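Novice: I'd like to ask you about the structure that follows.
2 protein chains.
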Amino acid sequence: MFNQLRQQFLQDPCLDLQLGQEDGQRNRVPLTNNCKKESNESVTNRQIEGIQSHDWQSHTATQGALYQINQRRLWEEIHKTSCFGLLSLKQGMNRLSLSVDDKLVRDYLCTEARLLGCQVRTDEMGNIFAIRPGRNNAIPPIGMGSHLDTQPAGGRFDGILGVLAGLEVLRTMNENDIQTYAPVAVINWTNEEGVRFTPGCTGSAVWASHIPLEIAHAMPDTSNTTTMKESLSSIGYLGETKASHKENPLSAHFELHIEQNRKLQDSQRRIGIVTKIQGIRWYRVQVLGRRDHAGATPMQERADALVATAKFISFLDRQALITSAVATVGVLNLERPSLNTVPGWASFTMDIRHLSEATLEKFESAIDAMANLLKAENSGLDFQIERTWHSPAVDLDPAAIKCTQDAAGDAIGAGQLMEMVSFAGHDSALTAMAVPTSMIFVPSRDGISHAPAEFTSERDCGNGAQVLLGAVLNYDSRLESQK
Amino acid sequence: MFNQLRQQFLQDPCLDLQLGQEDGQRNRVPLTNNCKKESNESVTNRQIEGIQSHDWQSHTATQGALYQINQRRLWEEIHKTSCFGLLSLKQGMNRLSLSVDDKLVRDYLCTEARLLGCQVRTDEMGNIFAIRPGRNNAIPPIGMGSHLDTQPAGGRFDGILGVLAGLEVLRTMNENDIQTYAPVAVINWTNEEGVRFTPGCTGSAVWASHIPLEIAHAMPDTSNTTTMKESLSSIGYLGETKASHKENPLSAHFELHIEQNRKLQDSQRRIGIVTKIQGIRWYRVQVLGRRDHAGATPMQERADALVATAKFISFLDRQALITSAVATVGVLNLERPSLNTVPGWASFTMDIRHLSEATLEKFESAIDAMANLLKAENSGLDFQIERTWHSPAVDLDPAAIKCTQDAAGDAIGAGQLMEMVSFAGHDSALTAMAVPTSMIFVPSRDGISHAPAEFTSERDCGNGAQVLLGAVLNYDSRLESQK
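The following block contains the structure:
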């Protein structure tokens, strides 16, 4: 099947185009700035053969720099496994959480991990921990986690890269006979995208004790025909390991992810070192007014649910600008809308994000104050505001960040790095509540994500995996030095 | 069938309740203030028997006061014909324009009118003119027009009362052997409600030369499977008479309608004399922005179609308050809405009304200015504004109004009258562009309309028909005196 799929990719004009663009980039920039004695052309050839050697500058080298991941193998793995849920390269991935395709890619991950000598644990949330033993298996594994589920018309990289790069790190460790001090785990977190079961990051949120298992298990799918627990059971991923960072702990969590923004592209840097992840709060707001005749009801006598909603949205826009937050109303519904009827009921969603939890708290207070103000202005109106999700704003761990920074400096040179914050949410925002966490970003073309056109080049995927390997080995050394 | 239906109405608890309330009113207020020498009780009994006599004060009496319509017969006719399209009294009427039920009630109207000696003409828009000859058939008929179509869950009175009261007027004329100078016509205008084919008042608008026949004929139904012309043809009401006030003229147009507001109820008056009808303008607005990530896109970099829409709605609200207009956004749609995506496209409807066309013109200019302002503020945004309907603000005809006022004074006493404007749109707004027009309002319980709970009492329906008769006879006398 994989050969057949690969053939399909190579024949897909969309992929050809992307490979063409990537080849163009490849000719402009070498794989690593630190690579010496080699022309760009020879690097490219050796990349394709997958037999690259290394010649790192020894004065800055840390452990990861001694070993080289196989960039082409990772690239092929990304495309091989995208057979599970790929519509076409033009239509993108459709691998919703706990779907049959999600089961198949999970099965693949477990099989490959076992072949690499891992012990595979599945917890009560379907989170998969594929653990490569270390010299000291009494301490918790160092995790390399992200997610294999996608949006309904998503890309091939978002989340997926982080898990498959973890697998590539294990392969490189095996090939180089690396024995780590701590065990090292590849983790697939359940339902990061939150499309079929809302909200997302459910697996990591339960593991981090951010939401109770029972609530996550009871979450219905969008069609309201099954729950998350039933779906986990039906695809065979309702595990017995406790979904808890206390009972199934990690020493640290490293996540490689595409940037989903243009900052790396615009600054022509290759690696983003994430220092903070924005907090996210989601709300559902219902506005209760009164249906009235559009001609016969004077403006003063109306309780127009849509006018109140419009004032609310304008307020959110202003408030976000003032506080440097972002606020989005992405969904708005009216009840039995009619051109010549004053809307009596409206509902809308709010997505509010900021790097500071304190600012988010103040924003939430301002939202309540605005609702009260509008109610006071018009006694016919009422507001019901419900917070439906909360992914906390977090500072990532300085020690884990240092390990990543050093690894990235070794792998591609400090001049190629960029410290940044993540404005998108990630499983790492949840793991950071429980364990030292660091995130690595690689460039995402034009910042496009959650769309078929999402693209990160083979070289950037490889760079990311290389930095992931180094970061984990650096953190492992740190753990050993602390024993 | 009618007996069976009548039985059904009498068994319907909803109707019982309404009859009960009406009976309560009947005991408090006599049928006419001018009725003398009779107890309320005797009036009630005679109403039920349908054999009322009259004893009008001669010093104010005009022609109509000499003859008494049959209130109970009209009431039964309203309920008999509501078998065409009635879901139940709790669910209301569903007699969409040019539906099978609309055909059946049209057939009934034509049959009854022919039995009364009328010549029945149907024009190219399906407008039905049932003409009772006068002494001088060289002059155009005096019209009594409204509509038999309803909303999808509408009431039993809106529009219907005006047509059936016209039929009752003809019956009364026949019973009393009244020979008018001018011919008198009952008119059913096609598609006043504008639900299945949008916008409404289509039949009267074409007749008044407000919109071209071709445009009305080509209007698709909501399912986009047929056009108005095809539907007219399929129910047998694509007539050959020209849909034109020039080629098929009227001398005047009188419309009896329920008020759809609470002004009569609140002031405890029984008849509204309409002097003006608000102008109505409908628009479809599309806002083109840019879809973006809700987390990664700073507020300053967004072209949020929904925020722009919200600012627009807030502006409409303010502008309407300032200008004493009414402005309503009743429908709002987003393209592929997603909680955590900045909306890239929105569309909404606008319904703007005012008694002055000049104010509406200024409002329209302000709308364009607002769109340009928002575009100037954010170059990523664009607006497309399309006017989809225009029912002009009109002053009704002073001479026709005088005839109605006199008739109402005779029938129920000048103290029971109230001059008012119509904030809802009506066929009369269109006929007023072509011929002298007057409207009579009767109380509508709690102002509810376009809903199953719409209710006007038997007595108020009867009062309205009585005033309609008097108004037509007064206008007829006026025409004769001018010959």
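For the record, the sequence lines run as chains U and V.
Under the UniProt record's numbering, the first residue of the first sequence carries the number 1, and numbering increases by one thereafter.
Under the UniProt record's numbering, the first residue of the second sequence carries the number 1, and numbering increases by one thereafter.
Ideal Cβ positions, reconstructed from N, Cα and C, are used throughout, including at glycine.
These numbers come from a predicted model, not from an experiment.
(1) With H, G and I counted as helix, E and B as strand and the rest as coil, what does DSSP make of residue 398 of chain V?
(2) Threshold first: 4 residues or longer. Then list the alpha helix (DSSP H) segments lying entirely within the segment 152-185 of chain U, N to C.
(3) Compute the Euclidean distance between the alpha carbons of residue 162 of chain V and residue 274 of chain V, then round it to the nearest angstrom.
(4) Give the residues of chain V in contact with residue 326 of chain U, contact being defined as C-beta atoms less than 8 Å apart.
(5) Along chain V, in chain order, which residues have C-beta atoms closer than 8 Å to that of residue 314 of chain U?
(6) Taking all protein chains shown into account, decide if residue 179 of chain V is buried (16 or more other Cβ within 10 angstroms of its Cβ) or exposed.
(7) Beta carbons nearer than 9 Å to chain V: which residues of the segment 404-423 of chain U have them?
(8) Suppose you measure from the CA of residue 397 of chain U to the CA of residue 139 of chain U; what does that come to, to the nearest Å?
(9) Out of V/189, V/350, V/296, which has the shortest C-alpha to C-alpha gap to residue 327 of chain V?
(10) Would you kindly report the start and end of the unbroken alpha helix (DSSP H) that includes residue 312 of chain U?
(11) Ordered along the chain, which non-local residues of its own chain (more than five positions away) have a Cβ less than 6 Å from that of residue 21 of chain V?
(12) With DSSP as the reference, label residue 135 of chain U as helix, strand or coil.
(13) Identify whether residue 331 of chain U lies in helix, strand or coil by the three-state DSSP scheme.
(14) Tell me the DSSP secondary structure of residue 283 of chain U in three-state form.
(15) Near residue 299 of chain U, what residues of its chain come up, given a Cβ to Cβ distance below 7 Å and the 5 sequence neighbours on each side ignored?
(16) My guess is that residue 430 of chain V and residue 252 of chain V are in contact by the Cβ rule of under 8 Å, so how many angstroms apart are they, rounded?
(17) In chain order, what residues of the same chain lie with their CB nearer than 8 Å to the CB of residue 317 of chain V, ignoring the 5 residues before and after it?
(18) In whole angstroms, what is the alpha-carbon distance linking residue 469 of chain U and residue 481 of chain U?
(19) Report the rounded CA-to-CA distance for residue 466 of chain U versus residue 345 of chain V, giving the unit in angstroms.
(20) Quick one: using the 10 Å Cβ neighbour count with 16 as the cut-off for buried, is residue 169 of chain U buried or exposed?
(21) Name, please, each residue of chain V whose Cβ falls closer than 7 Å to the Cβ of residue 353 of chain U.
(22) Residue 207 of chain V touches chain U at which residues, Cβ-Cβ below 8 Å?
(23) Applying the 10 Å Cβ sphere with the 16-neighbour rule, what's the burial state of residue 436 of chain V?
(24) Identify, in the order they occur along the chain, each residue of the same chain with its Cβ nearer than 7 Å to the Cβ of residue 478 of chain U, setting aside the five sequence neighbours on each side.
(25) For residue 202 of chain U and residue 155 of chain V, what's the separation of their Cα atoms in angstroms?
(26) State yes or no: is the C-beta of residue 238 of chain U within less than 8 Å of the C-beta of residue 126 of chain U?
(27) Can you tell me whether residue 26 of chain U is helix, strand or coil according to DSSP?
(28) Is there a C-beta anywhere in chain U that falls below 8 Å from the one on residue 380 of chain V?
(29) Using a Cβ cut-off of 8 Å, pull out every chain U residue sitting near residue 190 of chain V, in sequence order please.
(30) With DSSP collapsed to three states, give me the class of residue 481 of chain V.
(31) Using a C-beta to C-beta distance shorter than 8 Å, which residues of chain U count as neighbours of residue 447 of chain V?
(32) So with CB distances below 9 Å, who are the chain U contacts of residue 282 of chain V?
(33) Tell me whether residue 433 of chain V sits in a helix, a strand or coil according to DSSP, three-state version.
(34) Run the CB neighbour count on residue 32 of chain U, radius 10 Å, all protein chains shown included, and call it buried at 16 or more, exposed below.
(35) Which one of V/295, V/463, V/278, V/266 has the shortest CA to CA distance from residue 356 of chain V?
(36) State the beta-bridge partners of residue 255 of chain U as determined by DSSP.
Specialist: In short:
(1) If you number the second sequence from 1, residue 398 of chain V lands on position 398. Here residue 398 of chain V sits in helix by DSSP.
(2) With a minimum length of 4 residues, the continuous alpha helix (DSSP H) runs that stay inside the segment 152-185 of chain U are 160-175.
(3) As a working note, residue 162 of chain V is residue 162 in the second sequence. As a working note, residue 274 of chain V is residue 274 in the second sequence. Going from the Cα of residue 162 of chain V to the Cα of residue 274 of chain V covers about 14 Å.
(4) For the purposes of this step, residue 326 of chain U is taken as the residue at position 326 of the first sequence. 294, 295, 297, 298, 299, listed in chain order.
(5) Taking the first residue of the first sequence as position 1, residue 314 of chain U is located at position 314. The contacting residues are 307, 310, 311, 314.
(6) Locating residue 179 of chain V in the second sequence gives position 179, where the first residue counts as 1. Flag for residue 179 of chain V reads exposed.
(7) Taken in chain order, the members of the segment 404-423 of chain U whose beta-carbon sits within less than 9 Å of a beta-carbon on chain V are 422, 423.
(8) By one-based count along the first sequence, residue 397 of chain U stands at place 397. By one-based count along the first sequence, residue 139 of chain U stands at place 139. Taking the straight line from one Cα to the other gives about 19 Å.
(9) By one-based count along the second sequence, residue 327 of chain V stands at place 327. The candidate whose alpha carbon is nearest that of residue 327 of chain V is V/350.
(10) Here the question's residue 312 of chain U lines up with position 312 in the first sequence. Element bounds for residue 312 of chain U: 305-323.
(11) One-based indexing of the second sequence puts residue 21 of chain V at position 21. Low confidence applies to residue 21 of chain V: its pLDDT is 38, below 50, so where it sits in the model is not reliable, and the reading given next is rough at best. So the list is empty, once near-sequence residues are dropped.
(12) What you label residue 135 of chain U is simply residue 135 of the first sequence in a count that begins at 1. In this structure, residue 135 of chain U counts as coil in the three-state DSSP scheme.
(13) Residue numbering aside, residue 331 of chain U sits at position 331 when the first sequence is read from its first letter. In the structure shown, residue 331 of chain U sits in coil (DSSP, three-state: anything other than H, G, I, E or B).
(14) For the purposes of this step, residue 283 of chain U is taken as residue 283 along the first sequence, with counting starting at 1. DSSP, reduced to helix, strand and coil, places residue 283 of chain U within a strand of the structure shown.
(15) The sequence position of residue 299 of chain U within the first sequence is 299, counting from 1. Contacts found: none.
(16) Mapped onto the second sequence, residue 430 of chain V falls at position 430. Mapped onto the second sequence, residue 252 of chain V falls at position 252. Contact between residue 430 of chain V and residue 252 of chain V is absent: CB atoms are separated by about 14 Å, not below the 8 Å threshold.
(17) As a position in the second sequence, residue 317 of chain V is number 317, starting the count at 1. Counting only Cβ-Cβ distances below 8 Å, and skipping sequence neighbours, we find 327.
(18) The residue given as residue 469 of chain U occupies position 469 in the first sequence. The residue given as residue 481 of chain U occupies position 481 in the first sequence. About 18 Å.
(19) Within the first sequence, numbered from 1, the residue matching residue 466 of chain U stands at position 466. Within the second sequence, numbered from 1, the residue matching residue 345 of chain V stands at position 345. Taking the straight line from one Cα to the other gives about 41 Å.
(20) Along the first sequence, one-based indexing puts residue 169 of chain U at 169. So residue 169 of chain U counts as buried.
(21) Looking up residue 353 of chain U in the first sequence gives position 353. Taking a Cβ-Cβ cut-off of 7 Å, the neighbours of residue 353 of chain U in chain V comprise 295, given in sequence order.
(22) Within the second sequence, residue 207 of chain V is the residue found at index 207, counting from 1. Going along chain U, no residue has its Cβ under 8 Å from residue 207 of chain V, so there is no contact; the nearest lies around 22 Å.
(23) Walking along the second sequence from the start, residue 436 of chain V turns up at place 436. When all chains shown are included, residue 436 of chain V counts as buried.
(24) If you number the first sequence from 1, residue 478 of chain U lands on position 478. Excluding its 5 nearest sequence neighbours in each direction, residue 478 of chain U has C-beta neighbours in its own chain below 7 Å: 399, 403, listed in chain order.
(25) Residue numbering aside, residue 202 of chain U sits at position 202 when the first sequence is read from its first letter. Residue numbering aside, residue 155 of chain V sits at position 155 when the second sequence is read from its first letter. When rounded, the distance between both Cα atoms is 50 Å.
(26) As a working note, residue 238 of chain U is residue 238 in the first sequence. As a working note, residue 126 of chain U is residue 126 in the first sequence. Result yes, Cβ atoms of residue 238 of chain U and residue 126 of chain U sit closer than 8 Å.
(27) Within the first sequence, the letter at position 26 stands for residue 26 of chain U. Confidence in residue 26 of chain U is poor, its pLDDT being 30 and thus under 50, which makes the residue's placement unreliable; the coordinate value appears in the next sentence. The answer is helix: DSSP assigns residue 26 of chain U an H, G or I state.
(28) Walking along the second sequence from the start, residue 380 of chain V turns up at place 380. By this cut-off, residue 380 of chain V is not an interface position.
(29) Position 190 of the second sequence, counted from the start, is the residue given in the question as residue 190 of chain V. Near residue 190 of chain V there are no residues of chain U at all, since even the closest Cβ is about 19 Å away, more than 8 Å.
(30) One-based indexing of the second sequence puts residue 481 of chain V at position 481. Residue 481 of chain V: helix per DSSP, three-state reduction.
(31) Mapped onto the second sequence, residue 447 of chain V falls at position 447. Simply 293, 296.
(32) Counted from its first residue, the second sequence places residue 282 of chain V at position 282. The answer, in chain order, is 339, 340.
(33) Mapped onto the second sequence, residue 433 of chain V falls at position 433. Coil, per DSSP.
(34) The residue you call residue 32 of chain U lines up with position 32 of the first sequence. Because residue 32 of chain U carries a pLDDT of 33, less than 50, the predicted location of this residue cannot be relied on, and the following value inherits that uncertainty. Counting the other Cβ atoms within 10 Å of the Cβ of residue 32 of chain U gives 16 or more, which makes it buried.
(35) Here the question's residue 356 of chain V lines up with position 356 in the second sequence. Among V/295, V/463, V/278, V/266, the Cα nearest to that of residue 356 of chain V is on V/278.
(36) The residue labelled residue 255 of chain U in the question sits at position 255 within the first sequence. Partner(s): U/439.
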